[in-house]
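As structure tokens, the structure follows; a few thoughts come after it.
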Amino acid sequence: MESENIRLESSSLPRLKTLVLLDLPKLRSIWVNDSLKQSIKISMCHRLKRLPFNIVNATKLRFIVGQQTWWEELEWEDDAVNQRLRPAFHPQLAHGFPFYV
């Protein structure tokens, strides 16, 4: 089966506050622009090894929710981004996402 890339124009979701990615076992990469303002929730996306944030756009993200093992296995191009996003990370609860995010 060939992979299928779906692209949206950067202006398609200008008020996007939360991005939720659930049970996407083949997902390997994502791209976000400055429209993502608050949070990203990722679960069961085990092939996603990098997040598309840099030191500038990482400052806008308030919450990242995901599985602890996934977070620990992420690869970082810049350790400063890792350090900036670490306080925003909240482990996913066993029964689902935390209610406050």
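Just remember that the working numbering sits 1158 ahead of the position in the sequence shown, which is counted from 1.
Cβ atoms here follow ideal geometry from the backbone N, Cα and C, with glycine treated the same way.
These numbers come from a predicted model, not from an experiment.
Where residue i falls: helix, strand or coil (DSSP)
i       : result
LYS1218 : helix
GLN1155 : Absent from the structure is residue 1155, since the part of the chain shown begins at 1159 and ends at 1259.
ARG1244 : helix
TRP1229 : helix
Counterpart residues of residue i in DSSP-defined beta bridges
i       : result
SER1201 : LEU1180
PRO1249 : GLY1224
Endpoints, beta strand (DSSP E) assigned at residue i
i       : result
PHE1211 : Careful: PHE1211 lies outside any beta strand (DSSP E) and carries neither H nor E.
Minimum C-alpha distance to residue i - residue among the options
i       : options                            : result
THR1217 : PRO1183, GLN1226, ALA1238, LEU1232 : ALA1238
PRO1249 : LEU1206, GLU1233, TRP1189, ILE1222 : ILE1222
LEU1179 : ILE1200, THR1227, ARG1186, GLY1224 : ILE1200
Span of the alpha helix (DSSP H) around residue i
i       : result
LEU1174 : No alpha helix (DSSP H) holds LEU1174; DSSP gives it neither H nor E.
ASP1236 : Taken as a continuous stretch (DSSP letters only), ASP1236 belongs to no alpha helix (DSSP H), as it is neither H nor E.
Close-in-space but distant-in-sequence residues of the same chain around residue i (CB under 6 angstroms, 5 per side omitted)
i       : result
ILE1198 : LEU1177, ILE1222
TRP1234 : ASN1240
Close Cβ partners of residue i (< 7 angstroms) along its chain, the five nearest in sequence each way excluded
i       : result
ARG1220 : GLN1196, SER1197, ALA1246
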